[in-house]
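Everything below concerns the one structure shown next.
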Amino acid sequence: MVKAPPASSPCINVCFVDPKLRHCVGCWRSLEEIGRWSKMTEDERQAVMDGLESRAKRLEAEFYAMREDT
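Each number in the working numbering corresponds to the 1-based position in the sequence shown with 47 added.
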């Protein structure tokens, strides 16, 4: 039996979940997405990955704005 290739992932091994944003600031996935990742179909994972670039821009701005306020 041929083993399937590992599922694609946006993880870049910079794992830090901001407690206010509730997203990883390395890959910008939500806690729910990270927890479900291994159970998602490839289509579901691709749908998440397709939205990460715009999400990253939005959340990155929020992340740094919060840091300036402290």
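Think of the CB as a built atom: it goes at the ideal place given N, C-alpha and C, for glycine as much as any other residue.
None of these values were measured; they are calculated from a predicted model.
Rounded to whole angstroms, what's the CA-CA distance from residue i to residue j? Just pull it up for me.
| i | j | result |
| --- | --- | --- |
| M96 | A112 | 24 Å |
| T88 | A94 | 10 Å |
| A108 | G98 | 16 Å |
How would you label residue i, buried or exposed, when you count the other beta carbons within 10 angstroms and need 16 or more for buried?
| i | result |
| --- | --- |
| R92 | buried |
| R114 | exposed |
| R76 | buried |
| C58 | exposed |
| C62 | exposed |
Taking the CB atoms as reference points, tell me whether residue i and residue j lie closer together than 8 Å.
| i | j | result |
| --- | --- | --- |
| L78 | F110 | no |
| C74 | V64 | no |
Hey, does residue i have any beta-carbon neighbour from chain D nearer than 8 Å?
| i | result |
| --- | --- |
| A94 | Absence of chain D from the displayed structure is noted, only one protein chain being present. |
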